[in-house]
Amino acid sequence: MQASYPLRPLASSLFLCMALASGAHAQTSGTPAPSIQLTPYTTPDKTAAAGVPSGWKVTMGTLTVIEMTGPKGETIYLGNAFIARNGTFQAGQKPAGGADLSMPYTASLAQKLTMILDQNAAIAGKPTPQIALTSATPLQVPAILGQCGRFVANISGTSQGPAKIMGALCSLPLDSAGTYKNIMLMASAPVAVAAQDAPVATAVFASYKIPNKMLAMKLAPYAAPPSKRAAPSSPSTFPLQDDTSAECFDLIVLRETPNRQLPQKCGGLAPNN
């Protein structure tokens, strides 16, 4: 699960993670994942927590972002998100107003994934990666979360060789200023060890926790009327959002909760709490 190029936050307002293809398959196929021993880790600012496998080390932990690397070149990213301005994509170009990139809001999730990874490579001065999507599964989410889906892909054409990536991408609704957040969950691994490390990735993703209030801030529109913005004392510059969005994101995107166990407010069959 090593990224073929550094996947660093493109702005300070970042959030999230991705899973390995084979790890996600183990979760959805009904095959019990092997027991993985994890050491609890909490970011110094208390905005996120996750378990760290033996032999791995945390390389970043702040503002809901946790990044860790494994002994065989694996990397797991918990907490990256990207602010996009609705417009034409140009790799390496950042729009005004603090956004990370421009890309059409009407683009598909697969297209947005490619543009985000292309932008990240361009900003890092790395070659444009070749991305071959092998699986795409839409997630049924409330309108407040926009459009979400899971994907599996092969990535090549980089200096560190071919790798496998998989994860989830949510493209949140367009706000009043023409910007929108894209929250991406991701892990990657060199092809030779991807299947072997899948249970490790699965365990780490399942251990990832973000306080509900912080998650609600992260999911709120990038631009909103002043009356909707967070108080100055808030640990985030983002406007506050209905807690329902945070609860549903946690249950659907992070926890992969079956529909029969989801509350009705999140589009499931279970009663609301």
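Counting from 851, one number per residue, gives the positions in the sequence shown under the working numbering.
No residue lacks a Cβ here, since even glycine has one placed at the ideal position from N, Cα and C.
Here the structure is a predicted model, which is why all the values come from computation and not from measurement.
*Note the first and the last residue of the continuous beta strand (DSSP E) segment covering S1006.*
Looking up residue 1006 in the sequence shown gives position 156. Segment 997-1006, the beta strand (DSSP E) holding S1006.
_Test item: CB-CB of A1044 and A1013 under 9 Å_ = Here residue 1044 refers to the residue found at position 194 of the sequence shown. Here residue 1013 refers to the residue found at position 163 of the sequence shown. Yes, they are a contact pair.
*Spatially closest choice to M1016 from F932, K944, A1027, A1048, by CA coordinates*: Within the sequence shown, the letter at position 166 stands for residue 1016. That would be A1048, whose Cα lies nearest to the Cα of M1016.
*Under the three-state reduction of DSSP, which class applies to A876: helix, strand or coil?*
Indexing the sequence shown from 1 puts residue 876 at position 26. Residue confidence for A876 is low, a pLDDT of 43 falling below 50, so the modelled location carries little weight and cannot support an answer.
*Is the beta carbon of V1103 less than 9 Å from the beta carbon of C1020?*
As a first step, residue 1103 is located in the sequence shown; it is residue number 253 there, counting from the start. As a first step, residue 1020 is located in the sequence shown; it is residue number 170 there, counting from the start. Cβ atoms of V1103 and C1020: closer than 9 Å.
*With DSSP collapsed to three states, give me the class of A900.*
Taking the sequence shown and counting its residues from 1, the one referred to as residue 900 is at position 50. Assigned with DSSP and collapsed to three states, A900 falls in strand.
*Can you name, in chain order, every residue of its own chain whose Cβ lies under 7 Å from the Cβ of V1041, other than the five neighbours on each side?*
Here residue 1041 refers to the residue found at position 191 of the sequence shown. Taking C-beta separations shorter than 7 Å and ignoring five residues to either side along the sequence, the partners of V1041 in its chain run P1012, A1013, K1014, following chain order.
_Cut-off 8 Å between Cβ atoms - residues of its own chain near N1062, not counting five sequence neighbours on either side_ = Residue 1062 sits at position 212 when you count from the first residue of the sequence shown. Cβ neighbours of N1062 beyond the five flanking positions: D1093, A1096, E1097, D1100.
*Could you give the uninterrupted runs of the beta strand (DSSP E) lying entirely in the region 936-1004, keeping only those of 3 residues or more?*
Here the runs fully enclosed are 980-989.
*Name the DSSP beta bridge partners of Y891, please?*
Here residue 891 is taken as the residue at index 41 of the sequence shown, counted from 1. DSSP lists A900 as partners of Y891.
*Residues sharing a beta bridge with A934, DSSP*: Along the sequence shown, read from residue 1 onward, the residue named residue 934 stands at position 84. Paired residue(s): L951, Y1030.
*With 16 other Cβ atoms within 10 Å as the buried cut-off, status of L959*: For this step, residue 959 is matched to residue 109 along the sequence shown. By the neighbour-count criterion, in which 16 or more other beta carbons inside 10 Å mark a residue as buried, L959 falls on the buried side.
_Bridge partners - M918, DSSP secondary structure assignment_ = Start at 1 with the first residue of the sequence shown, and residue 918 comes out as number 68. M918 pairs with V908, I926.
*the region 939-949 touching the region 905-913, judged by at least three CB pairs closer than 8 Å*: No: the two stretches stay apart, fewer than three of their Cβ pairs being nearer than 8 Å.
*Identify which residue in V908, G923, I994, M953 has its Cα closest to the Cα of K1115.*
Start at 1 with the first residue of the sequence shown, and residue 1115 comes out as number 265. Each of V908, G923, I994, M953 was checked against the Cα of K1115, and the nearest Cα belongs to I994.
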